[in-house]
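Letter by letter, the first sequence follows residues 887 to 1689 of this note's numbering. The C-beta atom is built at its ideal place from N, Cα and C for all residues, glycine as well. A quick note: this is a predicted structure, and the numbers were derived from the prediction, not measured. The structure under discussion appears below in the form of structure tokens.
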Amino acid sequence: MEKGVASSKGEGFLSRMALNDNKAGMEGLDRDRINKIIMESSKGSRFYENELKREQQVNQRIEKMMLQKAQITEQQLNKAQAQVEQMVVELERSRDLSHLIVHVDMDAFYAAVETRDCPELKDKPMAVGSMSMLSTSNYHARKFGVRAAMPGFIAKKLCPNLIIVPTNFAKYRAVSEEIREIFADYDPQFQPMSLDEAYLDFTEHLERRQSWPESSRTHCFRTSSTTKGEDQMDVSLEPEQSDLSPVLFEDSPSSSPCSPGSEADGASGGAFEVFGTSVEEAVREMRFRIEQKTTLTASAGIAPNTMIAKVCSDKNKPNGQYRLPSTREAVMDFIQRLPVRKVSGIGKVSEKMLNALGVGSCSHLGQQMALLSMLFSETAWHHLLEVSLGLGSTHIQRQEERKSMSTERTFKELSRVEEQFSLCKELCEDLAGDMKKEGLKGKTVTLKLKNVNFEVKSRALTLSYGVSTVDEIFAAAKDLLKTEIDNELPLPLRLRLMGVRISAFVSSDDKKPLQRSIISFLQQGKADSSQGMHQKLEKEHLISHSSQTVPPDSLPSAQKCQRQEGVTWGRGLETGEEPKQSFFQRAQAKRLRLQEENASTQEEGHGGNASVTTFIGTDAEEGVGSSTKAHNSPCTAADLQEKDPVPPVEASTSGCGRTVSESLTCPVCFGQVETTDLNVFNKHIDQCLSGASRKPNHYTISDTESELDHKELCQLTQDSDDLTVFNRHVDLCLNQEVLHELRGHTSSPINPPSAINSKAIDRARLLSTQASKGKTKRRDSPSSPPSKKAKGLGPHTIDKFFR
DNA sequence: ATACATACC
DNA sequence: TACTGGTATGTAT
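And the structure:
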């Protein structure tokens, strides 16, 4: 039976489950004993069975790959080799050693924070998380094999004295902000990867640093207090000049000089320390300041690109740093011995596949490139090639726009339909709340399900318009859920996790003026006098898009750089970060201020991002495995079923994709439609559109009394002395595509009113075309050639070469 | 576009 | 008492 792929590593058991001693703090421990315990704790569980299954899938992939490999001819290989070599030449040409990239990483972050705040823990093995899952562990615990992403109950078996402290994200976030303030002093554009980690480009700082007087490179030891520190923030507010002026933390003499950095160098009892002008010194200074400010230590890697810097920061892990000189020799030499698994982007599976091909280190990578280029996808082998040459991103860029937002929850088995629906609703509520915070709308709703056997499934639905409200999201999600439930009948879905995600955001680019205008237009309450209405229309007329008239939350204004400073979990040691809110704005705002030449001492809440500072809230809602209890949501299955007999997704949603007050303004007849039911509203619009010119007169609008005369309104509009107002009206009547959007793609063709000049029609057409083609995806600018993207080795690519 | 897998923190 | 949550990306269909 099964054999073959056992490969070099071939332990009998799951490589998926075995201890990952890849990282710092794990050297020289009893691997076998630990693995035995891990296995014994897991064997027979549903989780284990699923892991087994997945491992076999991977093995099959590998076997397939080996088959492909066996069929490769010498000739093909030679050809591939030539191609690779050509590529190498190009990549070499693009090699850029001129940047000093730094990767900073706090040591056992969460654990360190908890220990700082509870010194009792100092000498004990401890971890942060819960019995179900750990985010990180301290170095003491690591000696027992306790590590991040390990369930607490197994950790307890490995280390019975282990103390497990619950996570407190609010605290980590606060500390994170503190260190980010320091980061910003060295690179205002730094890129945070999580609460405790960031990439910085030190190049510019170093140039400036050369001319700095010693006083600017002098930093004091703190006295002792742990909890202060919020006071001297202002230092970093100063631009240029005093920018990094010696942060004389406390002028009071230190009565108890807290232990100086363990970095041997001249850090003894003095009240301050002078740092040199080299990168090493600058980075050491940064780490020093971090420690002084937070009592926590960080490690750093210095290298010509991010890929290597990342590896380097791990090299002297607790409280250390490592610099790789910016020469090709140093880089190549460093790379040679590097195990592929150390490279960010190469995980368990990729490692295993590479190992199966005899590739364990990056030197092998280089030697086998021709082969790899035939067995892996283009993106995958390109990435591998770059890795093998020691290439990586050489310029740090700020956070890009987010691409999705999701919420998921794990719980004890949930099999009852009503509970499943109400849970779904809850998730949608959460998600809608998050979407609102960032003013986002997305077109694709994805439902994620994991059954009690850990099998994961996702079902998606893409709408023709962006959604963001609970009702809209839930309309789609419950539909997806219902389908899955029905599919499984008569058996119930036995769920252990459910999640809802929104993606395919409608970007600000996509929101064409016309659409925006309509949206804002639709939102005007009937309070608007027609006078005011005209003014508004005037203001936002087509070309001029005064966003002023658009309700703030309809624009994805603060869309960037928010949230998503991921959590740290998993492969790394410390890991885990907080999902929900964006706590990053303040730092961001500050960074922006820093960059502004004319640092006018404005007050806080100004300019772009600053205003977002308001939210937050949340006290860690219990990360892991919390919600095992029943949900008292008011939403019952019966509710759900009854609520809308109409096709659920299109029902109760609309193009303007948001909850509207109580009355909507018809874009055709300008009448107020007093309803929140968008179906009703849509119907009204349909009527206006199809019958407008023929049967003028009275439209009984929806459920309430409101009646309006279309002709009258048109007249009113025409009477306006502003022609654009009239044009606008015509446009609205004509713009089929936009209205189509608005109605959620159920519209029927429009009969354009007869008496309309053709120019107007053309213009309307043009506009609608523009509106719909705004979908240009802007991929990354092809700037720095070795981009950090393109990770992951697709296995199946194998097929593509031979078939 | 959808589904699934891999990866990172 | 039993193995997370959030995001991005790649691959296949």
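Alpha carbon to alpha carbon, how far is residue j from residue i? Give it in angstroms, no decimals.
i, j, result
"residue 1250", "residue 1244", "7 Å"
"residue 1533", "residue 1306", "Residue placement at residue 1533 cannot be trusted, given a pLDDT of 29 that sits under 50; what the coordinates show is reported in the next sentence. Spanning the two alpha carbons is a distance of roughly 20 Å."
"residue 938", "residue 900", "7 Å"
"residue 1351", "residue 1357", "14 Å"
"residue 1379", "residue 1264", "39 Å"
"residue 956", "residue 962", "12 Å"
"residue 1101", "residue 1231", "42 Å"
"residue 1317", "residue 1387", "8 Å"
"residue 1332", "residue 1389", "8 Å"
"residue 1201", "residue 1184", "12 Å"
"residue 1469", "residue 966", "Note that residue 1469 scores a pLDDT of 23, beneath 50, so its modelled location is shaky; the value from the coordinates is reported in the next line. Approximately 48 Å between the Cα atoms of the pair."
"residue 1001", "residue 1061", "13 Å"
"residue 1310", "residue 1355", "14 Å"
"residue 1166", "residue 1302", "60 Å"
"residue 978", "residue 970", "12 Å"
"residue 917", "residue 924", "10 Å"
Return the first residue and the last residue of the beta strand (DSSP E) that residue i is part of.
i, result
"residue 1718", "Since the first residue of the chain shown is 887 and the last is 1689, residue 1718 is not available in this structure."
"residue 1293", "1290 to 1300"
"residue 1080", "1077 to 1080"
"residue 1229", "Careful: residue 1229 lies outside any beta strand (DSSP E) and carries neither H nor E."
"residue 1209", "1207 to 1209"
"residue 1282", "Premise fails: residue 1282 is in no beta strand (DSSP E) and is neither H nor E."
"residue 1051", "1049 to 1051"
The alpha helix (DSSP H) with residue i in it runs from where to where?
i, result
"residue 1391", "Looking at the DSSP string, residue 1391 is not in any alpha helix (DSSP H); the run it does join, the beta strand (DSSP E), is 1381 to 1391."
"residue 998", "995 to 1003"
"residue 1359", "1356 to 1374"
"residue 1170", "1165 to 1180"
"residue 1324", "1303 to 1324"
"residue 1200", "1192 to 1201"
"residue 1030", "From DSSP, residue 1030 is part of no alpha helix (DSSP H); its letter is neither H nor E."
"residue 1043", "1038 to 1044"
"residue 1071", "1055 to 1072"
Name the DSSP beta bridge partners of residue i, please?
i, result
"residue 1106", "1158"
"residue 1330", "1348, 1389"
"residue 1020", "1015"
"residue 1702", "Lying outside 887 to 1689, the shown extent of the chain, residue 1702 is not represented and no answer is given."
"residue 1353", "1328"
"residue 1336", "1342, 1383"
"residue 1247", "1225"
Beta-carbon separation of residue i and residue j under 8 Å?
i, j, result
"residue 951", "residue 1257", "no"
"residue 1059", "residue 1081", "yes"
"residue 1161", "residue 1170", "yes"
"residue 1159", "residue 1091", "no"
"residue 1279", "residue 1191", "yes"
"residue 1391", "residue 1327", "yes"
"residue 1271", "residue 973", "yes"
"residue 1095", "residue 1189", "no"
"residue 1226", "residue 1248", "yes"
"residue 1736", "residue 1384", "The chain is shown from 887 up to 1689; residue 1736 falls before or after that span and cannot be answered."
"residue 1007", "residue 1049", "yes"
"residue 1382", "residue 1297", "yes"
"residue 1197", "residue 1187", "yes"
"residue 1277", "residue 998", "no"
"residue 991", "residue 1199", "yes"
When we look at the beta-carbon of residue i and count the other beta-carbons within 10 Å, is it buried (16 or more) or exposed?
i, result
"residue 1293", "buried"
"residue 964", "exposed"
"residue 1220", "buried"
"residue 1032", "buried"
"residue 1415", "Reliability of the predicted coordinates at residue 1415 is poor, the pLDDT of 27 falling under 50, and no value is obtained from them."
"residue 930", "exposed"
"residue 1178", "buried"
"residue 1284", "exposed"
"residue 1348", "exposed"
"residue 944", "buried"
"residue 1300", "buried"
"residue 906", "buried"
"residue 1360", "buried"
"residue 968", "exposed"
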